[in-house]
Every structure is written in C-alpha cells, then in structure tokens.
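Novice: First to last, the sequence lines map onto chains A and B.
For the first sequence, the working numbering assigns the number 589 to the initial residue and increments by one for each residue that follows.
For the second sequence, the working numbering assigns the number 131 to the initial residue and increments by one for each residue that follows.
Ideal Cβ positions, reconstructed from N, Cα and C, are used throughout, including at glycine.
Got a structure here, written out as structure tokens. Questions coming.
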Amino acid sequence: MYHKEKSIQIKNSASALYNNLSVLRIAPRRLTYFTVVHANVVNMVSASWDGLNYSHRQLQSKEPNVATSTSLIMQAAFCVLPSRELLVITSQKGIQMYESDGSIMVYWHALDTPETPSAQAVFARGISAVWENYICVGVSSGSILVFDVPSKGSNITLSEVLEEHKESITDIASECSGSQQCIADLVSADDGGNLCVWKSGEEFQLLNKIPGFDMSCSSVKLWKGTVVAGYGTGQIRLYEAVTGILHAEVNAHARWIYSLDIAPFSGLLLSAAEDSLVRVWHLTVSQETNSVEVAHLHNECVTDTQICGARFCDGDGYAFAVTGYDLSEIIRYTQT
Amino acid sequence: MSARTLPLVFVNLGGEMLYILDQRLRAPIASEDTSDKGVWSERDRRRVLNDVTATLFGPSFVDELLKPQQLYSHRTLKTVLTRLAHASIMRLNPASMDRLYELTTMAVKHQVLLCPRPKDLLLVSYNHIDAVRDFVRDSPAVLNQVDQAHRRIIEVYSSMSEGELQLLRQTLLVFFQDMHVRVSLFLKSKIQNPGNGRFALPTSGPVPHGTEVPGLIRTFDRRGREVRRSEFPPGGSYSRPAGGGSFGLHGARGTLLGTNTYAANRPEETLASRASAQTGDAPNPLAKEELNLLARLMGSMGAQDGAGAEGAFRISMFSPDDEEQEAGTSKEAEAFEVISIQATQVGCRWSSHLLSITRTKQNALMLKAAFVPQPVPSLFCILHRQRDMLVFCSAQDEHVASELAQIAGQFSGAEEQAENPCGNKGDDLLAMMDDL
Chain A
589 MYHKEKSIQI KNSASALYNN LSVLRIAPRR LTYFTVVHAN VVNMVSASWD
639 GLNYSHRQLQ SKEPNVATST SLIMQAAFCV LPSRELLVIT SQKGIQMYES
689 DGSIMVYWHA LDTPETPSAQ AVFARGISAV WENYICVGVS SGSILVFDVP
739 SKGSNITLSE VLEEHKESIT DIASECSGSQ QCIADLVSAD DGGNLCVWKS
789 GEEFQLLNKI PGFDMSCSSV KLWKGTVVAG YGTGQIRLYE AVTGILHAEV
839 NAHARWIYSL DIAPFSGLLL SAAEDSLVRV WHLTVSQETN SVEVAHLHNE
889 CVTDTQICGA RFCDGDGYAF AVTGYDLSEI IRYTQT
Chain B
131 MSARTLPLVF VNLGGEMLYI LDQRLRAPIA SEDTSDKGVW SERDRRRVLN
181 DVTATLFGPS FVDELLKPQQ LYSHRTLKTV LTRLAHASIM RLNPASMDRL
231 YELTTMAVKH QVLLCPRPKD LLLVSYNHID AVRDFVRDSP AVLNQVDQAH
281 RRIIEVYSSM SEGELQLLRQ TLLVFFQDMH VRVSLFLKSK IQNPGNGRFA
331 LPTSGPVPHG TEVPGLIRTF DRRGREVRRS EFPPGGSYSR PAGGGSFGLH
381 GARGTLLGTN TYAANRPEET LASRASAQTG DAPNPLAKEE LNLLARLMGS
431 MGAQDGAGAE GAFRISMFSP DDEEQEAGTS KEAEAFEVIS IQATQVGCRW
481 SSHLLSITRT KQNALMLKAA FVPQPVPSLF CILHRQRDML VFCSAQDEHV
531 ASELAQIAGQ FSGAEEQAEN PCGNKGDDLL AMMDDL
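Written out as structure tokens, the structure is:
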C-alpha cells in the first residue's frame with residue numbers, strides 16, 4: 589500500500605519525545621516544512637515537492653535577550669489558523685511562537701519555575717490551534733494556557749488558563765478550525781490517561797471528562813466528534829467526544845505509543861510506537877448511526893528504532909513521514 | 131526535564147562500573163604499566179569493591195543524589211565516576227577511565243532503551259543493587275549502607291506514576307543520545323549492530339505487563355457491549371507477559387537487564403571506534419551550576435586520602451591503542467613552568483592549601499590542589515578550561531590574593547589559545563582527581 593521514499597537527512601537525531609514530528613504543507617510554494625526536536629534544538633527542514641531543494645534551520649529554546657539560557661525542548665508543532673500559521677516550541681523554560689518559517693520569534697511566555705528545583709518537573713507540552721484565533725498549550729502542572737492570536741503581528745495575549753487536569757498534559761488536539769461548526773472542538777490528554785473535551789470561545793467550556801485508567805495517554809486526535817487516543821500500554825481507544833462512550837478498542841502496539849495522526853479527508857489513522865512499528869488504519873465514523881469502524885490497512889517496520897513521531901504529509905494521507913530516537917533522518921512513505 | 135534522574139544514573143552506571151572492576155581485577159593483566167604489581171589478590175579486589183561501594187552508597191552522597199535536580203553533562207558525570215573509581219587503592223589512567231566510561235554508558239543506554247515499560251527501569255536499577263550487595267556480602271557495615279540507600283530509593287520512586295517514569299526515561303535517553311560506541315561484548319552477543327552501532331530491538335517476545343498482545347480490534351455499541359472482534363497481522367511474534375518482578379528490597383526482578391553480564395565472560399577489550407558524536411564537549415551554559423553540583427557531590431563523597439595514594443596500585447585496564455599512548459606520553463612533557471602559591475585561611479577547620487599551577491605547552495593553566503593536612507571536603511579549586519576560574523578557598527594573605535588575581539588574568543588570556551589537542555583525555559579535572 590505504501591512504499592519507502594528517499595529519506596530527508598536532518599542535522600541532529602530525534603529525541604525520544606511524544607509527537608516528535610510536525611509537518612506543514614505550503615501548497616502555493618510547493619514546499620513542506622518538517623520539524624524534529626533534538627534535546628535543546630529544533631531542526632527545521634524545508635523540502636521542495638520536486639525533491640530537489642532542501643534547506644535547514646535550527647531553532648533553540650531561549651528567552652529573548654538572554655544569551656546563555658537554553659533548555660530542553662519538549663515539543664515543536666505548527667499551528668494553522670485561518671489567518672496565519674505559527675510554529676510553537678515548548679520547553680522547560682517557556683513557550684515560544686515563531687512565524688512558520690522559523691525566521692522571527694513573535695512571542696515568548698515564561699513558565700513559573702520555582703527558585704529551588706522541586707521533585708515535580710516543570711515544562712510545557714501539548715500544542716494545538718483551535719477555532720479561528722486560539723492556540724492552546726499544556727503545562728506539566730495540568731493547566732492549559734489559551735493564547736489569543738491576532739491575525740497578524742505579535743500582540744499575542746494569554747486569554748485564559750484552563751485548570752481541569754491534575755497531571756501533566758501530554759497532548760492536545762482540535763478539529764473544525766475556521767469555518768466548520770462543531771459541538772466539541774478541542775480535546776486534551778494527560779499522564780493519567782484522562783481526557784477533557786472542550787468547546788472553544790471567549791471562555792472555553794468543558795463539555796466532558798473521560799477518565800483514564802492510570803496509564804498515560806501520549807497522543808490524542810479529534811475527528812468527526814470522535815476522540816482517538818493512544819496509550820502507554822500500546823492501546824488505541826476511540827471515544828465519542830461529547831458522551832465519552834467507548835466505540836472501539838485496538839490492541840495496536842506492543843510498546844508505548846508515541847504518535848497518532850489522522851488524515852481528515854480520507855479518515856486514515858497513523859499510529860507509531862516504541863515497538864518499531866508504524867501502522868495505518870482506516871476509520872469510518874458515521875455520525876448519523878453513531879457508529880465507528882476501525883480497519884487495519886498496513887504496517888511498516890523501522891528496524892531497531894523506537895519511533896517518536898509520525899505524521900501524514902497531506903490531508904488525504906497520500907504520504908507520511910516518520911522519525912525515530914537516535915535517527916538523523918525523516919523517513920518518508922508514499923502510497924503506491 | 132525530570133528532576134529525579136541522578137540516583138538511578140549513579141546506581142546503574144556505578145553498578146556497571148563495579149561489574150567491570152570486579153571482572154578486570156580477577157584476571158591477570160598484561161600491561162605496559164610496570165607499576166601495576168601483577169595479579170591482584172582476592173583481598174585487594176574485595177577491598178576495592180568495598181571501598182567503591184561504600185562511597186557510592188554513602189549516606190551523604192545518596193542525600194545529594196536524592197535532591198531534585200537536572201541531569202548535567204557527561205563531563206560532570208565522568209568526573210564523579212572517576213572519583214568513585216579512585217575511592218580505593220586502585221588508580222586508573224585517563225585512557226582506562228575513558229574506556230570505562232564508554233562501556234558503562236553504553237551498557238546503561240542499552241538497558242534504558244530496552245526497558246519494556248518505564249517502571250522496569252527500577253527493576254534494572256534493583257538488579258544492579260542486588261549484585262552490589264553480593265559483592266560486599268562479607269562487610270556488614272557496607273552492606274547496611276547499601277540496604278539503607280536501597281530503601282530510600284524505593285521510597286522515592288515507588289510513588290512515581292508510569293508517565294513520570296517515562297519522562298525520567300526520556301531524560302536519560304536525551305543524555306545518551308548519539309552514543310554509538312561499539313562494545314565487543316555487545317557485538318558478539320548480537321545486542322548491537324556492527325554497521326551502525328544501534329542496539330537491536332526485537333519485534334518478538336513477551337509484551338510488557340499491562341500491555342495486550344497486538345492484533346485485536348474490538349467494537350462496542352452505545353451500551354458498552356462488544357459487537358465485533360477482528361484481527362490484524364501484528365507484524366511481529368508477541369506473547370503474553372512473563373512473570374512479574376519484585377519492586378521491594380529483595381526478590382527476583384524478572385528481567386536480565388542490569389544483571390552482571392561480565393561475570394560469565396573473559397575480560398574483553400572494548401573496540402572503541404571513535405564515537406560519531408563527542409559527548410558534551412560543546413561550551414555548556416550551565417557550567418557554573420554544574421560545577422556547584424560537582425563540588426557538592428565530591429564533598430559528600432568524603433575526603434580522598436592523599437597519603438593513601440602513595441601505596442596505590444596504578445593499573446591500565448584496557449590496552450591503550452597507539453594513538454592514546456602517544457597522547458599519554460606527550461602529556462608528561464607538557465608542564466614546564468610551576469608557580470607555587472600558599473593560600474592560608476584563618477579558621478578552625480583547615481590550615482593550609484597548597485596550590486600548584488602549571489602552565490602547559492598549550493598555554494592552558496592546570497591547577498592542582500593538595501590538601502594538607504585537614505581537607506575540607508566541600509572546598510577546593512576548580513579550573514574549567516573554557517570558563518572563569520572558580521576558586522573556592524579564600525586567601526587572607528594579600529600577596530596570595532594578588533597572585534591569584536594575576537593568574538586569573540593570565541588565564542583569560544590563555545582562553546584564546548588553541549584547544550588542547552588531547553581533547554577529553556587531557557581533562558584538567560580528571561588530572562586533578564587522578565592525584566598524579
């Protein structure tokens with residue numbers, strides 16, 4: 589179903605972090621951006637669609653005007669809003685937002701770090717664009733910071749702090765950004781496997797809380813009102829977002845899942861784990877009959893590699909890319 | 131990231147180090163170093179293992195480790211491990227210490243990577259502690275220290291969730307990232323690929339506890355009743371989880387990761403092909419904090435007996451290759467100018483410190499401190515090749531103060547000189563700790 593393409597070499601290897609690959613397709617310029625986190629650096633590659641041009645850039649997590657403070661980065665993700673696209677980088681020190689090509693930093697938000705180190709780690713993790721003008725970022729304390737992003741410029745402000753989770757946020761996902769109207773448009777996941785379903789707005793509304801079973805949910809997606817969650821046990825569960833009803837349960841992987849992605853136009857689901865496997869599934873969500881079906885389509889094994897990032901490169905799922913711990917390349921696959 | 135890595139780092143690296151020391155001290159060693167006095171007696175070997183274990187599991191050292199803090203660079207860690215290795219009558223030359231560090235870090239990297247679940251990292255650590263207990267079983271005092279330390283570790287880590295332990299594991303994986311030193315023992319047992327130095331990850335075998343064997347899709351109706359089951363090809367051959375392991379003070383741990391793989395093998399040389407990425411040589415913005423940590427850790431390990439070094443056995447554990455031998459001999463020829471300073475402090479606890487500063491061939495300054503006669507464990511001078519000189523002892527003598535100022539000034543000039551071509555091997559800190 590898929591075959592391997594030529595890999596993209598990156599300047600450093602990927603670190604073992606959840607969801608460690610972000611992809612942004614820029615159709616007008618026939619380019620795709622990829623970002624991969626390595627310790628305290630984000631490696632950005634811009635790849636032309638004809639496969640002939642690659643350019644690289646490295647971004648570090650640091651406060652503006654402070655020369656020597658770099659910290660370990662937890663995640664880098666592109667946020668696509670109707671008016672603009674930003675690259676958000678979260679670390680132990682704070683949250684940075686850049687223009688999508690990584691050229692200019694437009695915003696910095698420092699996390700509250702205690703004077704003396706505490707046993708509880710401090711970091712930000714979990715990034716998603718929501719609706720027309722919000723970017724949500726999770727924090728190790730369980731809070732979710734909601735940033736209001738104007739259509740241009742750097743006048744980004746912290747609009748709200750959602751305090752519902754008690755454990756560190758692992759991932760946040762949304763659907764229906766822009767035009768579509770949805771009942772629920774945001775889902776957040778934490779280290780205890782708990783899921784919160786929200787409706788965005790001037791004040792975010794908590795619609796539902798789906799309890800976890802003490803097992804970290806490392807990656808989560810929202811599609812057609814269905815939450816797709818990947819867990820440390822290697823299981824994938826599909827819930828109806830607003831009611832919390834369990835639609836399906838898949839014993840998908842033999843190790844901790846690190847990344848999930850959905851191609852929204854085709855309903856293809858990608859899952860990747862420490863067991864070296866990437867799997868492609870097909871989801872059918874029928875909102876009239878309220879039923880969900882999961883079918884397995886394809887496996888790819890990346891030998892001797894614990895996979896940490898997997899993303900579709902386009903909305904149909906025609907191609908996907910994969911990163912692995914200690915691997916200095918982005919492996920690509922395309923449909924045959 | 132995680133602020134709880136240090137205890138596990140030291141238990142595992144320290145444990146691996148003890149395995150290797152135990153193995154190497156058993157066999158007769160043919161070495162170019164003529165001062166190694168031939169075969170080690172059983173008594174001497176036991177003494178080394180006891181002394182190192184007592185230092186590693188000493189209550190004040192464990193106190194320092196258990197404080198929440200970030201994991202620092204390879205350089206700091208290597209310095210502390212060198213100090214640990216020298217806690218007894220044995221001395222290792224820098225080349226041997228390098229090899230020892232490579233072996234231990236690759237072993238622990240393998241164990242951390244292959245842990246089926248993050249919680250199994252604790253089982254791996256406890257395997258190390260169990261083996262160390264066996265090494266010191268004839269010394270009740272040391273054995274007691276190990277037990278105490280083990281209890282404290284259990285207390286701290288058993289309350290951590292799987293998610294927090296995964297963060298800890300991820301922090302360790304960042305630390306070990308890009309290390310692909312080929313270890314002959316691993317290559318032989320097919321644990322490591324000779325081509326790329328990556329560890330072999332099997333896609334078969336038992337799944338971890340709490341995980342189901344992959345292959346099943348279950349669909350439910352709105353009332354929670356299962357309406358369909360279907361299977362898919364898992365792409366590997368997995369089986370149900372094996373028996374569990376004990377997270378308590380004693381008991382079978384249920385995994386071979388972290389057990390002594392050297393015991394069954396004859397001493398092997400590491401095939402140390404140059405690692406593809408240097409470990410932590412880039413200028414480190416956290417240097418000052420790291421050096422403070424280093425000071426606290428060294429201090430908590432207790433004073434090194436300077437006199438003991440006289441009767442110390444120096445050994446070369448691993449035959450240095452030609453390249454390193456050249457570097458080793460050239461090091462002797464480096465120093466050609468010595469400035470001696472006596473810094474005195476009016477105080478109740480210590481009388482005098484002798485600092486000798488040597489200007490090396492590369493015009494870098496090497497600072498050595500000898501503590502005479504009452505060493506204060508938490509105060510000593512550190513020279514960091516690329517950073518400001520941090521002097522912890524205070525000099526009341528005006529003459530001394532001006533000398534130190536002059537040296538500091540000279541040193542900032544020396545910074546611009548060419549890098550020491552010996553790289554890691556000529557490390558100032560290691561030279562100091564080697565008590566040469």
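#1: Going by DSSP, what residue range makes up the beta strand (DSSP E) through P336/B?
#2: Can you tell me whether T872/A is helix, strand or coil according to DSSP?
#3: Using beta carbons (cut-off 8 Å, strictly below), is E172/B in contact with chain A?
#4: Check this for me: beta carbons of V808/A and L795/A, under 8 Å apart or not?
#5: Mind checking which residues open and close the alpha helix (DSSP H) that includes T814/A?
#6: Taking the alpha carbon of H240/B as the reference point, which residue from L302/B, A133/B and S430/B has its own alpha carbon closest?
#7: List the whole-angstrom C-beta distance separating F711/A from Q684/A, where the pair is believed to meet the contact cut-off of C-beta under 8 Å.
#8: By how many angstroms is the C-alpha of L647/A removed from the C-alpha of L251/B?
#9: How many angstroms separate the CA atom of T872/A from the CA atom of R355/B?
#10: Below 8 Å on C-beta distance, what does A836/A contact in chain B?
#11: Return helix, strand or coil for G599/B, following the three-state DSSP convention.
#12: Would you mind working out which of R299/B, S291/B, A215/B and D260/B sits nearest R281/B, comparing C-alpha positions?
#13: Which residue marks the beginning of the beta strand (DSSP E) containing D700/A, and which one marks its end?
#14: Within a Cβ cutoff of 6 Å, which residues of the same chain sit near R825/A, ignoring the five residues on either side of it in sequence?
#15: Helix, strand or coil for H591/A? Go by DSSP, reduced to three states.
#16: Rounded to whole angstroms, what's the CA-CA distance from G730/A to H310/B? Just pull it up for me.
#17: Taking the alpha-carbon positions, what's the R358/B to S879/A distance?
#18: When the Cα atoms are used, what is the spatial distance from L214/B to P198/B?
#19: When you compare each of R263/B, G384/B, M131/B and M431/B to P336/B by their alpha carbons, which one comes out closest?
#20: Is the Cβ-Cβ distance between L195/B and L136/B less than 8 Å?
#21: Could you give the DSSP three-state label for L244/B: helix, strand or coil?
#22: Against chain A, does F377/B count as a neighbour if the rule is that its beta carbon must be under 8 Å from one of theirs?
#23: For a test of the three-state rule: what should DSSP assign to N257/B, helix, strand or coil?
#24: Give the secondary structure of I219/B by DSSP, where H, G and I count as helix, E and B as strand, and everything else as coil.
#25: Take G813/A as the anchor and find which of D802/A, I833/A, S804/A and G820/A has the nearest alpha-carbon.
#26: What does the Cβ neighbour count give for F191/B, buried or exposed, with the cut at 16 atoms within 10 Å?
#27: Would you verify that the beta carbon of D308/B is, or is not, closer than 8 Å to some beta carbon of chain A?
#28: Please list, in chain order, the chain A residues whose beta carbon lies closer than 9 Å to that of T341/B.
#29: Between the alpha carbons of G345/B and S288/B, how many angstroms are there, rounded?
#30: Which residue from Y256/B, R353/B and L243/B puts its Cα closest to that of G144/B?
#31: Is the Cβ of R205/B closer than 8 Å to any Cβ of chain A?
#32: Rounded to a whole number of angstroms, what is the C-alpha to C-alpha distance between G781/A and K787/A?
#33: Any contact of the segment 314-329 of chain B with the segment 858-865 of chain A, i.e. 3+ C-beta pairs under 8 Å?
#34: Under a three-way DSSP split, which group does H339/B fall into?
#35: Taking the straight line between their C-alpha atoms, what separation do you get for L534/B and P324/B?
#36: Pull the bridge partners of G912/A from the DSSP assignment, please.
Specialist: Quick look at the numbers:
#1: Here the beta strand (DSSP E) through P336/B covers S334 to P336.
#2: Under the three-state reduction of DSSP output, T872/A falls in the strand class.
#3: By this cut-off, E172/B is not an interface position.
#4: Cβ atoms of V808/A and L795/A: not closer than 8 Å.
#5: Careful: T814/A lies outside any alpha helix (DSSP H), inside the beta strand (DSSP E) at T814 to Y819.
#6: Nearest of L302/B, A133/B and S430/B to H240/B, Cα basis: L302/B.
#7: A Cβ-Cβ separation of about 13 Å leaves F711/A out of contact with Q684/A under the 8 Å criterion.
#8: Here the C-alpha atom of L251/B lies approximately 32 Å from the C-alpha atom of L647/A.
#9: The straight-line gap from Cα to Cα measures roughly 19 Å.
#10: The answer, in chain order, is I347, R348, T349 and F350.
#11: The structure shown does not extend to residue 599/B, since chain B is modelled only from 131 through 566, so no value can be given for it.
#12: Minimum Cα distance to R281/B is reached at D260/B.
#13: Taken as a continuous stretch (DSSP letters only), D700/A belongs to no beta strand (DSSP E), as it is neither H nor E.
#14: Within the same chain, R825/A has close Cβ partners A817 and E837.
#15: Correct three-state label for H591/A: strand.
#16: Those two C-alpha atoms are separated by around 36 Å.
#17: Roughly 12 Å separates the two Cα atoms.
#18: Just so you know, the alpha carbons of L214/B and P198/B end up roughly 21 Å apart.
#19: Nearest of R263/B, G384/B, M131/B and M431/B to P336/B, Cα basis: G384/B.
#20: The Cβ atoms of L195/B and L136/B lie closer than 8 Å to each other.
#21: Here DSSP, grouped into helix, strand and coil, assigns L244/B to helix.
#22: False, the Cβ-Cβ gap to chain A never drops below 8 Å.
#23: N257/B: helix per DSSP, three-state reduction.
#24: The three-state secondary structure of I219/B, taken from DSSP, is coil.
#25: Residue I833/A is the option with its Cα nearest to G813/A.
#26: By the neighbour-count rule (16 or more Cβ atoms within 10 Å), F191/B is buried.
#27: At a cut-off of 8 Å between beta carbons, D308/B contacts chain A.
#28: Per Cβ cutoff of 9 Å: G820, T821, G822, Q823, N839, H841, A842, R843 and W844.
#29: Roughly 32 Å between the two C-alpha positions.
#30: Minimum Cα distance to G144/B is reached at Y256/B.
#31: Residue-level contact by beta carbon fails for R205/B and chain A, as no gap is shorter than 8 Å.
#32: Roughly 20 Å separates the two Cα atoms.
#33: No, the segment 314-329 of chain B does not touch the segment 858-865 of chain A.
#34: Here DSSP, grouped into helix, strand and coil, assigns H339/B to coil.
#35: Interpretation of L534/B is limited by its pLDDT of 41, a score under 50 that renders its predicted location unreliable; the figure taken from the coordinates is listed afterwards. Each residue's alpha carbon lies about 51 Å from the other.
#36: DSSP lists I895/A as the bridge partner or partners of G912/A.
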